[in-house]
Amino acid sequence: MPLVDASHRSVCFQCHRSKADYEQPFSICSVCKRASYCSKECQKKHWKVHKLLCQPKGSKPGERPNPSPHLPADSPYVVAETDPNVHTGDEIRTEELRFCCLPASFADPSKNDPEGITECILYVGLKEAIFAQLGFPRPLPCPISPAHRIKSIPGAGLGIVASRDIKFTELICAERPLLLAPGAYMARNVPETGSMATRQQLAWQEYEDLIQCALNRMLPKNRETFMSLLNSHSKLGTPPLVGRMRTNGFNAGKEMKSIAPTMPEGDMGRYTAVGSTLSRLNHSCSPNGHVDFDPGTLSLQLTAMRDIAAGEQITISYCDVFLSQAERQKSLKRFDFTCTCRSCKNHKHSDKRRAQINANKSILDKSIFDWIEDPTLSDDYLEKKYLRLLDLMEQEGLQASTTYATCKEMLAKVYAALGDPERSVQYATEFISSQVPRRGGRWLPPEACTLAVDVTARSWLDQFWQKRVESCSGSGSGSRFGGASGSGSASGSEGTSGSGSGSASGSGSGTSSSRQAGSSGSR
């Protein structure tokens, strides 16, 4: 019986092209008898990775080649390139990693997806989960018209600025990441003896070797771009490749878990996506943009979280924006710069407002039905608190925070419970409009997206409509009917991000609520 049957030899390990019916089975590696190739060119291109992983059929664990000089040959941690014919089931196995390109990379570059190729290091089972998405890969969404450009920012290296006026919720940029990889690596072979510093460096080096394998597989242009990114973690003892990933990586773990529910919780469930253009985003403590990872298009997408004027720098936050100025500066030290945004320069008043937000935002965690069913609370009890929170966050330029969005969501429900359809629909529409594009809705036709917003907004009206009126009827609470409202919409000037924020050198990119820094440890 042959070591590799004909069905196994029907897909190329390099370009993932399937064999046509009229073709002979693809040739296989003469050593391992496992990897198959459609051409000598593909086999040659794949060898730089396969040579680290190739082993004769039936080899004992101790006899297999070592993909990392820091990884013992008998390591239980398996690293391999993807076998396109093997289905691993629905279980996600973190003890094994697979290299692959998504979408497939071809020996002939003209056949590659023009929207970009992402080099991936995936847990076993993740590739199947990605391909199981309807229509994967969906085309990348495009801005209405070009909306940004990269330019030098005084005191902050390179940054991204608006090339035209940009409206709230508009897509600014979408790109396939250069690299998609675990955001944390648990080393299995670091000795238990020795100093903690030595063990940490050995763990980092194993992680570094994995990233190096991925870089060896990258298209030359992508590899060059990755190496041009800033490493702000070099002073912390992080190896150069892992440092670049930690500095520029966006969090993709939540989105990966949405398509692969068996992904683990905690550190091992973290995933990082490193972009090229979006790695140039600088920091502000009052950001006007937010980056999300969309698994359906396998892309990073930058969205405007408030109106942005032409020439204004587009920023994200690398830290918790609700911290005080001193706490934020401490958090940003790992990125090796001092933030000079408006909120940091005028921190006395800014800290006071942010402290008020922190002291009052817990109201968003309480059930709206506690208010609906309590006649001792006034009709405008929640309304006043939510509008005050909105006002404070707008003064601080915190429209990109989830707290701001949640506040609008709760106001929509409050106004529905009070029987105020106009304001309920207003806030529901504003909230949902900010979420639909960032939750994979950009691939919908505009009319379908509008319909989704409208249907969801009206469902809230149905769910909460006049609940407060009905609950407090006859209680003398002064319930309002028919949309008569005793309070105006949120007031206060809209904040803008400070200019000149971000890293003092290189790309100025880092971590925000949508980003994460990779970690490494020993087990």
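In full-length UniProt numbering, the protein residues as written are 1 to 523. Beta carbons are placed, not taken as given, at the ideal position from N, Cα and C, and that holds for glycine.
Among the options, which residue has its Cα nearest to the Cα of residue i?
i	options	result
serine 284	Ser317, Trp371, Ser258, Leu236	Ser317
glycine 397	Leu411, Gln466, Asn288	Asn288
aspartate 294	Val11, Met245, Gln133	Gln133
serine 434	Gln466, Leu302, Ser324	Leu302
isoleucine 28	Ala20, Tyr22, Gln14, Asp21	Gln14
serine 152	Gly311, Pro103, Glu119, Thr456	Gly311
alanine 457	Lys413, Cys12, Ala326	Lys413
glutamate 206	Cys101, Met186, Gly194, Arg442	Met186
leucine 392	Leu418, Thr376, Ser343	Ser343
lysine 254	Gly183, Asp320, Asp209, Leu215	Gly183
cysteine 120	Leu219, Asp379, Phe335, Cys472	Leu219
valine 242	Leu215, Lys257, Ser258, Glu265	Leu215
alanine 35	Cys341, Ser10, Leu298	Ser10
glutamate 128	Lys257, Glu265, Leu230, Cys341	Lys257
Assuming the contact rule is C-beta atoms closer than 8 Å, residue i and residue j should be a hit. Round their C-beta distance to whole Å, please.
i	j	result
glycine 296	phenylalanine 136	6 Å
cysteine 173	proline 143	7 Å
arginine 98	leucine 122	5 Å
leucine 281	phenylalanine 226	The pair is not a contact, with the Cβ atoms about 16 Å apart (cut-off 8 Å).
methionine 305	phenylalanine 168	7 Å
valine 469	leucine 418	7 Å
phenylalanine 335	serine 232	5 Å
leucine 158	isoleucine 150	6 Å
alanine 359	alanine 162	That pair is no contact at about 34 Å.
For residue i, name the three-state secondary structure that DSSP assigns.
i	result
histidine 349	helix
lysine 257	helix
aspartate 267	helix
threonine 403	helix
serine 284	coil
valine 11	strand
phenylalanine 481	With a pLDDT of only 34 at phenylalanine 481, under 50, the local geometry of the prediction cannot be trusted, and the value read off the model is given with reservation. Phenylalanine 481: coil per DSSP, three-state reduction.
residue 524	Given a span of 1 to 523 for the chain in the structure shown, any question on residue 524 remains unanswerable.
cysteine 101	strand
glycine 243	helix
alanine 73	For alanine 73, the predicted structure reports a pLDDT of 38, less than 50, and the residue's modelled location is therefore unreliable. The matter cannot be settled from this model.
valine 274	strand
isoleucine 117	coil
serine 18	strand
valine 79	Low per-residue confidence applies at valine 79: pLDDT is 46, beneath 50, and the placement is therefore not dependable enough to give any value.
alanine 391	Per the sequence shown, the amino acid found at residue 391 is aspartate instead of alanine. Here aspartate 391 sits in helix by DSSP.
tyrosine 123	strand
tyrosine 37	strand
glutamate 128	helix
glutamate 192	coil
glutamate 422	helix
Given a cut-off of 9 Å, decide if residue j and residue i are closer than it, judged by their beta-carbon atoms.
i	j	result
glutamine 313	isoleucine 160	yes
asparagine 222	serine 279	no
aspartate 292	leucine 300	yes
glutamate 383	leucine 411	yes
lysine 366	phenylalanine 322	no
alanine 400	phenylalanine 431	no
alanine 147	glutamate 175	no
alanine 273	threonine 450	no
cysteine 12	cysteine 42	yes
proline 421	leucine 461	yes
leucine 126	methionine 263	yes
lysine 467	alanine 416	yes
alanine 156	phenylalanine 26	no
Less than 8 Å between the CB of residue i and some heavy atom of the ligand COA, yes or no?
i	result
arginine 34	Absence of the ligand COA is noted for the structure shown, with no ligands found whatsoever.
Fill in: Cβ pair count under 8 Å reaching 3, the segment 365–379 against the segment 342–352
The segment 365–379 and the segment 342–352 do not touch, with fewer than 3 CB-CB distances between them shorter than 8 Å.
Worksheet entry | Stretch-stretch touch, CB-based, cutoff 8 Å, three pairs: the segment 96–116 with the segment 236–251 | Contact fails: fewer than three Cβ-Cβ distances are below 8 Å.
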